[in-house]
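Reviewing the structure listed below.
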Amino acid sequence: MARITIFEHGQLEVGHTYAGVQFTQGHYDALGKFHRQQAEKNGKTDYFSLLFGAVKFAQYVGVLQVGELTIEVLPKADQDTGEGSEANYWRNQLLQMLRAVGTLPVQAPSFSSLHVQQYDILELYFELFVKEVDALMRLGLIKQYRQQSCNTKALKGALLFGQHLQQNLVHQERFYTHHTVYDQQHLMHEILFEALILLQRLCKGHALQGRIARLLLDFPPQQRIKINEGTFSKLSFGRKQAPYQQAIHIAKLLLLNYHPDVVSGQEDVLALLFDMNALWERFVFVNLQQNPDWEVREQVTKLFWKGGNNSSDMKADIVCRHRHSQRVVVLDTKWKNINGNAPSPEDLRQMYVYADYYGASRVALVYPGKEDNRVYGKFQKLCDGQEEKVCEVVQIAPKVALNQWGKTIAKLLFFETAPYGI
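According to full-length UniProt numbering, the sequence shown is numbered sequentially starting from 1.
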């Protein structure tokens, strides 16, 4: 399958060739249709914007599959192209972040056998799903009770007299009843079956195609259903259903992000994209949570203004409270490269308000960077007797090893050997 790799905020132009793969008018039209569908559904489309003869991506990273073309969007780097080792490096960083925040199901038994560097995100999910379903079938698919109304040759359950007379007037050996059956046809298997059919459509010419066909051949017959968000809310996972959790998680991700081309069927779109601002915030939060000396919370809301029946709230990204000293630190994460420049006045004013309203002795803006760096600063006093508020700018460079990255985050963000005290 053809693949174009580009960095976030990059641009694809119709007719241009990227690493030997051409971005065509058909690809542009399919993305345009997807863009309009998302705008009608959600009121806006944040993934990318449409220009004249071009598509400009935003801060969302991941994979878009458009027909036979896969567009891989990686976190932003200095390079303008997605060629060479730089793309491989950022692909690995993205996979590490998704793995850390729990978006990639690393607890799945099949994950440890994968060489994740060989895959883009979409291929990784495809491979994981196939391995999970194969493992479930080897283990033995579970049975559940369900209600069914049909003809049987034995009288069991409740006889539906009207339907019985209508269908069995000349077949007196049959009974039309409503009864309970115990078999493998139930909602979990219907979801997995729909996901396998989707993969069969998306993986034409892919190495997984043969394995998917074999799974479909061996899978017990299921009723075809329409999948939406509400379908998954009906599921419950007990001890018996626990092995299904990872497969259902991936099936949900794929089925709810698939947008078929109902007109021609040639340019279906599957969008598996993640907001880098939200991912960066979650990644920092998950790593800070590991320290037992701090209580760490995310998206902490406080009332900011109230007038009549109206009110306005403020929401800090991460609020940390030391369990012994009760000192408070507020962090605001931003996925952008400031290149050694000062933060914007708007960001600094926001942090000043956070320091005041959350009672924080220290606040910090947290950015990615080429090198680990921590710049000490403070808000100037407005009057005598006012407590000094520290505002730092912290830049954290990605690390090859995930645990080393986490340790660096903890060290720079006041959790280990803070140079200015707790």
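Heads up, the beta-carbon is just placed ideally off N, CA and C, and yes, glycines get one too.
Predicted model only: the values in this text are computed from it and were never measured.
Check residue 42 in the structure and name its three-state DSSP category.
Numbered from its first residue, the sequence shown carries residue 42 at position 42. If DSSP states are grouped into helix, strand and coil, residue 42 belongs with the helices.
Any contact between the segment 211 to 228 and the segment 185 to 194? By contact I mean 3 or more CB pairs, one from each, below 8 Å.
yes
Determine the direct distance from the alpha carbon of residue 37 to that of residue 284, and round the result to whole angstroms.
Counted from its first residue, the sequence shown places residue 284 at position 284. Counted from its first residue, the sequence shown places residue 37 at position 37. Those two C-alpha atoms are separated by around 33 Å.
For the segment 112 to 171, list the alpha helix (DSSP H) runs that are entirely contained and at least 4 residues long, ordered along the chain.
121 to 139 and 161 to 167
I'd like to know whether the C-beta atoms of residue 55 and residue 12 end up nearer to each other than 8 Å.
As a working note, residue 55 is residue 55 in the sequence shown. As a working note, residue 12 is residue 12 in the sequence shown. Their beta carbons are under 8 Å apart, which means residue 55 touches residue 12 by this criterion.
Between 215, 241, 39 and 208, which lies nearest to residue 126 when the distance is taken from Cα to Cα?
Along the sequence shown, read from residue 1 onward, the residue named residue 126 stands at position 126. Checking every option, the nearest Cα to that of residue 126 belongs to 208.
Taking the beta carbon of residue 280 as the centre, do at least 16 other beta carbons fall within 10 Å, making it buried, or is it exposed?
Residue numbering aside, residue 280 sits at position 280 when the sequence shown is read from its first letter. Residue 280 should be labelled buried.
Which residues in the same chain as residue 168 place their Cβ atom closer than 8 Å to its Cβ, once the five residues preceding and following it in sequence are excluded?
Within the sequence shown, residue 168 is the residue found at index 168, counting from 1. So the qualifying residues of the chain are 151, 174, 175 and 176.
According to the Cβ coordinates, are residue 400 and residue 365 closer than 8 Å?
Your numbering for residue 400 matches position 400 in the sequence shown. Your numbering for residue 365 matches position 365 in the sequence shown. No. Outside cutoff.
Excluding the 5 residues preceding and the 5 following residue 164 in the sequence, name in chain order all residues of the same chain whose CB lies nearer than 6 Å to its CB.
Looking up residue 164 in the sequence shown gives position 164. Hits under 6 Å: 176.
Touching by the beta-carbon criterion (3+ pairs, under 8 Å), the segment 53 to 69 and the segment 15 to 29:
yes
Residue burial classification, residue 145 (beta-carbon count within 10 angstroms, cutoff 16)
Locating residue 145 in the sequence shown gives position 145, where the first residue counts as 1. Exposed: under 16 other Cβ atoms inside 10 Å.
Which ranges does the alpha helix (DSSP H) cover as unbroken runs of at least 4 residues, wholly within the segment 293 to 351, from first to last along the chain?
none
Closest by CA to residue 240, which one among 140, 409 and 129?
For the purposes of this step, residue 240 is taken as the residue at position 240 of the sequence shown. Nearest option by C-alpha distance: 140.
Apart from the five residues on each side of it in sequence, which residues of its chain come closer than 7 Å, Cβ to Cβ, to residue 252?
Stepping through the sequence shown from its first residue, residue 252 is reached at position 252. Same-chain partners within the cutoff: 232.
Starting from the C-beta of residue 389, find all residues in its chain whose C-beta is less than 6 Å away, skip the five residues before and the five after it, and write them out in chain order.
Taking the sequence shown and counting its residues from 1, one reaches residue 389 at position 389. The residues are 355 and 379.
Give every residue of the same chain whose Cβ lies closer than 8 Å to the Cβ of residue 39, excluding the five residues on either side of it in the sequence, and list them in chain order.
Here residue 39 refers to the residue found at position 39 when the sequence shown is read from its first residue. Excluding positions up to five away in sequence, the list reads 45.
Can residue 302 and residue 352 be called in contact, C-beta distance under 8 Å?
Your numbering for residue 302 matches position 302 in the sequence shown. Your numbering for residue 352 matches position 352 in the sequence shown. No, these two residues do not count as a Cβ contact at 8 Å.
Could you work out which residue in 371, 404, 156 and 3 is closest to residue 74 when comparing CA atoms only?
In the sequence shown, residue 74 corresponds to position 74, counting from 1. Residue 74 has its Cα closest to that of 3, out of 371, 404, 156 and 3.
Look at the alpha carbon of residue 288 and the alpha carbon of residue 403, and state the distance between them as a whole number of angstroms.
The count along the sequence shown starts at 1 and reaches residue 288 at position 288. The count along the sequence shown starts at 1 and reaches residue 403 at position 403. Going by the C-alpha atoms only, they are around 12 Å apart.
Sorted by chain position, which residues of the same chain lie with C-beta nearer than 6 Å to residue 216's C-beta, five sequence neighbours on each side aside?
In the sequence shown, the residue the question calls residue 216 occupies position 216. So the qualifying residues of the chain are 196.
So, are the CB atoms of residue 335 and residue 59 less than 8 Å apart?
As a position in the sequence shown, residue 335 is number 335, starting the count at 1. As a position in the sequence shown, residue 59 is number 59, starting the count at 1. Cβ distance < 8 Å, so residue 335 and residue 59 count as in contact.
Can you check DSSP and say which residues form a bridge with residue 259?
Counting from 1 along the sequence shown, the entry for residue 259 is found at position 259. Residue 259 is bridged to 269.
Start and end residues, alpha helix (DSSP H) containing residue 376
Locating residue 376 in the sequence shown gives position 376, counting from the first residue. Taken as a continuous stretch (DSSP letters only), residue 376 belongs to no alpha helix (DSSP H), as it is neither H nor E.
From residue 87 to residue 8, what does the alpha carbon distance come to, in whole angstroms?
In the sequence shown, the residue the question calls residue 87 occupies position 87. In the sequence shown, the residue the question calls residue 8 occupies position 8. Near 12 Å, if we compare the C-alpha coordinates of residue 8 and residue 87.
Skipping 5 residues on each side, what residues in its chain have a beta carbon closer than 6 Å to that of residue 47?
Here the question's residue 47 lines up with position 47 in the sequence shown. Cβ within range, chain order: 60 and 273.
Whole angstroms is fine: what's the gap from residue 397's alpha carbon to residue 90's?
Within the sequence shown, the letter at position 397 stands for residue 397. Within the sequence shown, the letter at position 90 stands for residue 90. The straight-line gap from Cα to Cα measures roughly 12 Å.
Which residues DSSP lists as bridging residue 178, in chain order
Translated into the one-based positions of the sequence shown, residue 178 becomes position 178. BP columns for residue 178 point to 149 and 158.
Taking all protein chains shown into account, decide if residue 308 is buried (16 or more other Cβ within 10 angstroms of its Cβ) or exposed.
Here residue 308 refers to the residue found at position 308 of the sequence shown. Classification of residue 308: exposed, given that the 10 Å Cβ count is below 16.
Residue 405 - DSSP class collapsed to helix/strand/coil
Indexing the sequence shown from 1 puts residue 405 at position 405. Looking at residue 405 - three-state DSSP - the assignment turns out to be helix.
One question on the structure: do residue 319 and residue 300 come within less than 8 Å of each other, judged by their Cβ atoms?
For the purposes of this step, residue 319 is taken as the residue at position 319 of the sequence shown. For the purposes of this step, residue 300 is taken as the residue at position 300 of the sequence shown. Result yes, Cβ atoms of residue 319 and residue 300 sit closer than 8 Å.
Please classify residue 409: is it buried, with 16 or more other beta-carbons within 10 angstroms of its beta-carbon, or exposed?
Counting from one through the sequence shown, the residue named residue 409 turns up at place 409. By the neighbour-count rule (16 or more Cβ atoms within 10 Å), residue 409 is buried.
Locate the beta strand (DSSP E) running through residue 3, then write down its first and last residues.
Within the sequence shown, the letter at position 3 stands for residue 3. Taken as a continuous stretch (DSSP letters only), the beta strand (DSSP E) holding residue 3 covers 2 to 7.
Taking Cβ positions, are residue 189 and residue 149 nearer each other than 8 Å?
Counting from 1 along the sequence shown, the entry for residue 189 is found at position 189. Counting from 1 along the sequence shown, the entry for residue 149 is found at position 149. Taking 8 Å as the Cβ cut-off, residue 189 and residue 149 do not qualify as a contacting pair.
Between which two residues does the alpha helix (DSSP H) holding residue 11 run?
To locate residue 11, count along the sequence shown from 1; it is residue 11. That residue, residue 11, is in no alpha helix (DSSP H); its beta strand (DSSP E) goes 11 to 13.
Reference residue 270, options 277, 147, 62 and 368, closest by Cα
Against the sequence shown, residue 270 aligns to sequence position 270. The shortest C-alpha separation from residue 270 is found at 62.
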